[in-house]
Every structure is written in C-alpha cells, then in structure tokens.
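Okay, so here's the structure we're looking at.
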Amino acid sequence: EVQRLSAGKDQSRLEKSTMGASWSDSTKKSKPEKAPFAHLIIDSHNIPSGTGKVNLTCWHHDKGWANVLNMTFSDGRLIANHDGFYYLYANVYFRHHETSGNLTGQTLQLMVYVTKTDARRRNSVVLMKGGSTKNWSGESEFHFFSVNVSGFFKLKSGEMVSLQVSYPSLLDHSPEGTYFGAFKIRDID
Numbered sequence: 003e004v005q006r007l008s009a010g011k012d013q014s015r016l017e018k019s020t021m022g023a024s025w026s027d028s029t030k031k032s033k034p035e036k037a038p039f040a041h042l043i044i045d046s047h048n049i050p051s052g053t054g055k056v057n058l059t060c061w062h063h064d065k066g067w068a069n070v071l072n073m074t075f076s077d078g079r080l081i082a083n084h085d086g087f088y089y090l091y092a093n094v095y096f097r098h099h100e101t102s103g104n105l106t107g108q109t110l111q112l113m114v115y116v117t118k119t120d121a122r123r124r125n126s127v128v129l130m131k132g133g134s135t136k137n138w139s140g141e142s143e144f145h146f147f148s149v150n151v152s153g154f155f156k157l158k159s160g161e162m163v164s165l166q167v168s169y170p171s172l173l174d175h176s177p178e179g180t181y182f183g184a185f186k187i188r189d190i191d
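Right, dumping it as structure tokens:
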C-alpha cells in the first residue's frame, strides 16, 4: 500500500512536469515559497527634522525585531514583489520631555500618513492617516501620544508603501514605539 501511495505521488509529479516549463516558471514567479512580510523599526540615528509633513525613511530592516522576506526595502520604502492583498500597519509614538523645550500653549497637529506609490507613474495616494491636534499643558513633565493605523490593501508588484509624519523630532526612538510593516494575506483572484 505504501508503494501505491508513492507511485501515485510520482505519477502526479510526472504529470506536472509534462505540462511544460512555462507552467512551472509562472508558478514560481507568482507564488513565493513563503508569504511576503516586513516589519521595520525606527532608526533613531537618522530621524529627519522639521514640523511639517516629511517622508520617514529612517528604518531598520534587519536589526532586532525588524525583518523583511519576499519584499524589497529601499530608500525607506517597502516594495511589493508579488501581487496580492496585504495587511499594512504602522504605529508612531510621539513623546516630549520638558527639558527638550517648552511646548506649553503650542497647538501641534501630530499626524501619520501611509502612502502607496506606483513605481511606473510615480503618483502617490494616501491609503491611511491618523492623528490628533494636541495642546500640551505645562502641568506635566512628559507628554505622550500614539497613532496606530492599519488596513487591508491591494498591492501590485513594484508598488511602494511608505510613511510620512509631522513633527518627526517628537518621535519616540524605541523600536516598540515606532514601527511599520506589511504582510500578504492572499493572492489577487
């Protein structure tokens, strides 16, 4: 009986191999061995300055909890290598200590934007945004605010996902506070 099961497996392999090289090549290109994913953590040494909306490109992709598999990380952007529906997420943690300067009475619009860019056309669209307007009082030594956004989106091979933030100088430098990632949920039918 074991021989029959083995023979059946060998037969199905033979049938697949006789379908031609184009079938096996297209299968390998469209479906990676392991599902694509990425988890990026903040690189605290390269955070840009400014108060307006800036591209946040300072990410570690291979340090600590950071990892990328079957996706590409380039210039602070994640690039889909395979068409599919992806779960995208970002957590950005803003913090301020009174020794860093006085923010009393200032109104801050702390925002996070997740954008998708088509590599061929170079046009970008905002997929998600989150934030709040904060007016921190002088009654506290520390001020904190966390923004978390996530959702399911269709990405085609070559499309890039990136983050933009306001007030990057207020970003928390810890990898458990500021991170960004994606993982493929399913193929496009």
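First residue of the sequence shown: 3, per my numbering; consecutive thereafter.
Note that CB positions come from ideal geometry on N, CA and C, so glycine has one too.
By the 16-neighbour rule on beta-carbons within 10 angstroms, SER168 is buried. Shown here for THR180: same chain residues with a beta carbon closer than 7 Å to its own, the five before and five after excluded, namely ILE44, ASN93, VAL94, TYR95, LEU173 and ASP174 in chain order. Counting along the chain, GLN166 sits inside the beta strand (DSSP E) bounded by residues 162-167.
Beta-bridge analysis with DSSP links LEU71 to PHE39.
Pairing MET113 with GLY133 gives a Cβ-Cβ distance under 7 Å.
When the five nearest sequence neighbours on each side are left out, the beta carbons in the same chain lying within less than 7 Å of the beta carbon of GLN111 are those of GLY133, THR135 and SER168, in order along the chain. Looking at PHE154, SER164 and PHE147, the one whose alpha-carbon comes closest to that of HIS98 is PHE147.
THR119: member of the beta strand (DSSP E) spanning 110-119, first to last residue.
Around the beta carbon of GLN166, 16 or more other beta carbons sit within 10 angstroms, so the residue counts as buried.
With 16 or more other Cβ atoms from the protein chains shown falling within 10 Å of its own Cβ, PRO170 counts as buried. The three-state secondary structure of SER171, taken from DSSP, is helix. Around the Cβ of HIS41, a 10 Å sphere holds 16 or more other Cβ atoms; the residue is buried. The C-beta distance from PRO38 to LYS186 rounds to 5 Å, short enough to fall under 8 Å. Per the coordinates, the alpha-carbon of ILE190 lies some 11 Å from the alpha-carbon of PHE155. The beta carbon of ASN125 sits closer than 8 Å to the beta carbons of THR119 from its chain, once the five residues preceding and following it are set aside; these are given in chain order.
DSSP places LYS131 within a strand segment (E or B) once states are collapsed to three.
Within the same chain, and ignoring the five residues on either side of HIS47 in sequence, the residues whose Cβ sits closer than 8 Å to its Cβ are CYS60. VAL127 is the residue among ASN69, VAL127, VAL151 and GLY153 whose C-alpha sits nearest the C-alpha of GLU161.
The Cβ atoms of LEU129 and ALA82 do not sit closer than 7 Å to each other. According to DSSP, residue pairing for ILE44 in a beta bridge involves TRP61.
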